[in-house]
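Encoded as structure tokens, the structure appears first; notes follow it.
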Amino acid sequence: MERGSFQLMKSVNKSLVLNKIRINQPISRAQIAKDTKLTPPTVSSIVRELIAEELVIESVLGESQGGRKPTMLLINDDAFYVIGVEAGPDKMSCTACNLAGKVIERTDATSIAAPISKEQFLSDMIGKIQSVLDALPEPDKVLGIGVAMHGVVDVDKGLSLVAPNLDLRDIPVADVLEERFNTIVKVENDVRAMALGESWFSAGQHKGSMLMVNMDSGVGAGLVIDGKLYHGAADLAGEVGHMTIDLNGEVCSCGNKGCFQTFASEQAVVERAKAEKRKQGPITEDQLTIYDIHKQAATGDEVFAQVLRETGHIIGVALTNLIHVINPDCIILGGSVSRTESIILPEITHTIEERGLTQEAKATKVTTASFGENATTMGAASLLLTELFEGQ
43 MERGSFQLMK SVNKSLVLNK IRINQPISRA QIAKDTKLTP PTVSSIVREL
93 IAEELVIESV LGESQGGRKP TMLLINDDAF YVIGVEAGPD KMSCTACNLA
143 GKVIERTDAT SIAAPISKEQ FLSDMIGKIQ SVLDALPEPD KVLGIGVAMH
193 GVVDVDKGLS LVAPNLDLRD IPVADVLEER FNTIVKVEND VRAMALGESW
243 FSAGQHKGSM LMVNMDSGVG AGLVIDGKLY HGAADLAGEV GHMTIDLNGE
293 VCSCGNKGCF QTFASEQAVV ERAKAEKRKQ GPITEDQLTI YDIHKQAATG
343 DEVFAQVLRE TGHIIGVALT NLIHVINPDC IILGGSVSRT ESIILPEITH
393 TIEERGLTQE AKATKVTTAS FGENATTMGA ASLLLTELFE GQ
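Counting in this note's numbering, the sequence shown runs from 43 upward without gaps.
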């Protein structure tokens, strides 16, 4: 779908009606008017437009409230597709989903090997998107492309300002993709996109404020308040990986010492596990992964189990600091390190209970992300869905 077409589908009242249907479907026109305070003629007019645009369909008749049985309205989930791209720091993947978030097509994730030029990075991204488009039965039904980009992003310009792990700056992601595919493109920091996706697809489970902390090759966070991302004054909100935990700790990739990332990234945990094993003698696990450590810890390896418990304690300390500053309703953990949850999560919650300032702080809910390996691309797709349904 062309950029102009997407804009024509949006208006404040239209988004209000559309999102009301999404959240409360099946729902009647009369109920929409009652809940939104719009006049019945206005609702009827908007619904006619939404049906003409194939975003909404009519279903079987509802229950009568004393008069004629009302016709109920539903979102036409399969009317359009949205493409989500995960771009860095160490891999690239792409999915196409319908309006309900059901994945229709996906590409396998491929590694990004630094050094890489901006041109090659964008070329690889275009190739991923094109391969998904080629697999779709009706590629002209794509509403737009969302890109979850590693590093610091200028959201308004769709520009990647700094991709530190790739040593790239000023990548014109939106400009290049919009010219190539002639569709709207939204670009967001990868962890913030994940946070938005978790909030969007949770069907109202995460109301109020939600903090997502992603621990993978790096550590970052995204804060969603009343369904909207918080960016901060200069798009830096969420860089919790560079929150200092130990003034005398190891040097981080950012140049500072003792950053949270030097304790809670996948590589940091793996290196600590190797170091502890070497104390018992030579080791052969040169290709040891976080998944290997968790599997062996769960089946009786006490050295690895202790490393994960200590990691959980450190994460708990960091999260307690964030609870005292942000006071979110809940915290969602994502990334490869979070998949050791059977061991680290009890330590995290115990540490928060020990260190929380109030009973409410101590009781902050901490859980893991819903989408696993698809979390980033689903977050990227949600950038377009929130634009369509809520006008964000």
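A virtual CB, placed ideally from N, CA and C, is assigned to each residue, including glycine.
{"Query": "Can you tell me whether DSSP reads Ile357 as helix, strand or coil?", "Result": "helix"}
{"Query": "If distances are taken between C-alpha atoms only, which option among Arg71, Leu350, Ala237 comes closest to Pro112?", "Result": "Arg71"}
{"Query": "Could you spell out the range, first to last residue, of the beta strand (DSSP E) harbouring Gly169?", "Result": "Not the beta strand (DSSP E): Gly169 falls in the alpha helix (DSSP H), residues 160-177."}
{"Query": "From Leu208, Ala263, Ile146, Gln338, pick the residue whose C-alpha is nearest to that of Val282; which is it?", "Result": "Ala263"}
{"Query": "Between the alpha carbons of Ala286 and His273, how many angstroms are there, rounded?", "Result": "This sequence places Thr at residue 286; Ala is not what is there. Approximately 20 Å, taken between the alpha carbons."}
{"Query": "How do the stretch 365-375 and the stretch 319-326 stand: do at least 3 beta-carbon pairs fall below 8 Å, yes or no?", "Result": "no"}
{"Query": "Using three-state DSSP, classify Ser384 as helix, strand or coil.", "Result": "helix"}
{"Query": "With respect to 7 Å, is the separation between the Cβ of Met420 and the closest non-hydrogen atom of the ligand SAH below this value?", "Result": "The ligand content of the structure shown is nil, which means the ligand SAH is not present either."}
{"Query": "Suppose contacts are defined by Cβ-Cβ distances below 8 Å. Is Glu432 in contact with Asn61 by that definition?", "Result": "yes"}
{"Query": "Output the distance between the C-alpha atoms of Ile357 and Thr152, rounded to the nearest integer angstrom.", "Result": "29 Å"}
{"Query": "Less than 7 Å between C-beta atoms, sequence neighbours within five positions excluded: which residues of the same chain meet that for Glu395?", "Result": "Lys404"}
{"Query": "Helix, strand or coil for Asn118 per DSSP?", "Result": "coil"}
{"Query": "Who are Ala190's beta bridge partners in DSSP?", "Result": "Glu128, Glu230"}
{"Query": "So, with DSSP's three-state summary, where would you put Asn61?", "Result": "helix"}
{"Query": "Alpha carbon to alpha carbon, how far is Ala340 from Gly200? Give it in angstroms, no decimals.", "Result": "43 Å"}
{"Query": "Please report the Cβ distance between Gln309 and Ser259, rounded to the nearest whole angstrom; I am assuming they are in contact, meaning their Cβ atoms lie under 8 Å.", "Result": "7 Å"}
{"Query": "Which of helix, strand or coil does DSSP assign to Glu395?", "Result": "helix"}
{"Query": "Between Ser241 and the rest of its own chain, which residues show a CB-CB distance below 7 Å, the 5 nearest in sequence each way excluded?", "Result": "His248, Met252, Val266, Gly269"}
{"Query": "Let me check understanding here. Comparing Cα to Cα, which of Leu58, Ser159, Gly291 lies closest to Asp77?", "Result": "Leu58"}
{"Query": "Going by C-alpha to C-alpha distance, which of Asp277, Gly143, Thr406 sits closest to Val197?", "Result": "Asp277"}
{"Query": "Less than 6 Å between C-beta atoms, sequence neighbours within five positions excluded: which residues of the same chain meet that for Leu350?", "Result": "Ala339, Thr382, Ile385, Ile386"}
{"Query": "Can you name, in chain order, every residue of its own chain whose Cβ lies under 6 Å from the Cβ of Asp288, other than the five neighbours on each side?", "Result": "Gly300"}
{"Query": "For Lys407, which beta-bridge partners are listed by DSSP?", "Result": "Cys372"}
{"Query": "Return helix, strand or coil for Ala263, following the three-state DSSP convention.", "Result": "strand"}
{"Query": "Any contact between the stretch 128-147 and the stretch 161-179? By contact I mean 3 or more CB pairs, one from each, below 8 Å.", "Result": "yes"}
{"Query": "Output needed for Ala422: all residues of its chain with C-beta closer than 7 Å, excluding positions within five of it in sequence on either side, in chain order.", "Result": "Gly126, Val127, Glu128, Gly188, Val189, Ala190, Ala235"}
{"Query": "Please report the distance separating the alpha-carbon of Gln73 from that of Glu100.", "Result": "14 Å"}
{"Query": "Would you list the one or two residues that DSSP bridges to Glu147?", "Result": "Ala138"}
{"Query": "In three-state DSSP terms, what is Met43?", "Result": "Summary for Met43: the model assigns pLDDT 49, below 50, so the residue's position carries little reliability, and this model does not support an answer."}
{"Query": "Count the other CB atoms within 10 Å of the CB of Lys144; is the residue buried (16 or more) or exposed (fewer)?", "Result": "exposed"}
{"Query": "Quick one: grab the DSSP three-state call for Leu97.", "Result": "coil"}
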